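K.L.:
With positions in the sequence shown counted from 1, the corresponding number in my numbering is that position plus 14. All residues carry an ideal CB built from backbone N, CA and C; glycine is no exception. As the structure is a computational prediction, the values presented were derived from the model and not from experiment. Before I ask anything, let me first share the structure, which is written out below as structure tokens.
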Amino acid sequence: MSIVILYILAILTANWLSSQFPPVNIFGVLVSLGTFTVGFTFILRDFVQNKYGRKKTYLFIFLAMVLSAVMALILGDGLPVVIASAIAFLVSESTDTEIYTRLRLPLHSRVWWSGLVGGTLDSTVFIILGLSPIGMNFIPWNAVPYAIIAQASIKILLQGIGAIIIKIVTEKNKRIKTINKD
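Here it is as structure tokens:
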């Protein structure tokens, strides 16, 4: 159960960071600090799915989404941001889950590909529904593509680092098992 707790805590930490600290300027685009945590939530979700299976993972996704929305409201996020966050979370985590389930690749590759799509969807849906003129109007339409690229790039970079670490650890464990057999 500890991986589920870590997964949910990572999501709640992303909310807290986003609401408590101002965005940082990365190459002229403001990015919330929570973005840096979200990149890892997809990897943690993959580990949750490995341990508990796809059906239970959806229960944990729903629980995390509800807790995230409640926390965002408590922290004072505007309703459009809370709704956008919940929709983006549900779309991206579900997509990540389904891609991860269907790929017949090594663990690190499934983590990479499912996270690549999930992180991109998360950024796109959240920014359009929550931060653009449709939502809170924090970002003008001409800046929306840049904000999506900036957020998605950070998430994808972190997922890539996670996938590389998983590959290194997996290969090391295989070598150790081979040595122990001899």
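Just checking, does the region 96-107 make contact with the region 133-148 on the three C-beta pairs under 8 Å criterion?
P.N.:
Touching, yes, given that three or more Cβ pairs across the two stretches are closer than 8 Å.
K.L.:
Could you check where the alpha helix (DSSP H) with Leu171 kicks off and where it finishes?
P.N.:
Per DSSP, Leu171 belongs to the alpha helix (DSSP H) from 158-195.
K.L.:
On the three-pair Cβ rule with 8 Å, is the region 73-93 touching the region 31-38?
P.N.:
Counting Cβ pairs under 8 Å, three or more are found: they touch.
K.L.:
Counting Cβ pairs closer than 8 Å, one from the region 126-136 and one from the region 56-72, do we hit at least three?
P.N.:
In short, these stretches touch, since the Cβ pair count reaches three.
K.L.:
Please report how far the alpha carbon of Leu77 lies from the alpha carbon of Val84, in whole angstroms.
P.N.:
Between Leu77 and Val84, the C-alpha separation is close to 11 Å.
K.L.:
Any idea what DSSP makes of Leu44, helix, strand or coil?
P.N.:
Residue state, collapsed to three classes: strand.
K.L.:
Could you tell me the distance, in whole angstroms, from the CA atom of Val18 to the CA atom of Asn194?
P.N.:
If I take the Cα positions, the gap works out to 32 Å.
K.L.:
Per the contact definition of three or more C-beta pairs closer than 8 Å, is the region 60-75 in contact with the region 184-193?
P.N.:
Contact fails: fewer than three Cβ-Cβ distances are below 8 Å.
K.L.:
Does the Cβ of Ile202 have 16 or more other Cβ atoms within 10 Å, making it buried, or fewer, making it exposed?
P.N.:
With the chain running from 15 to 196 in the structure shown, residue 202 is simply not present.
K.L.:
What are the residues that DSSP puts in a beta bridge with Val38?
P.N.:
BP columns for Val38 point to Val45.
K.L.:
At the level of alpha carbons, what is the spacing between Leu44 and Thr71?
P.N.:
Between Leu44 and Thr71, the C-alpha separation is close to 32 Å.
K.L.:
How about Val158 and Ser167: do their beta carbons lie closer than 8 Å?
P.N.:
Against a cut-off of 8 Å, the Cβ pair of Ser167 and Val158 comes out as no contact.
K.L.:
Roughly how many angstroms lie between the CA atoms of Ala28 and Phe152, to the nearest whole one?
P.N.:
Between Ala28 and Phe152, the C-alpha separation is close to 19 Å.
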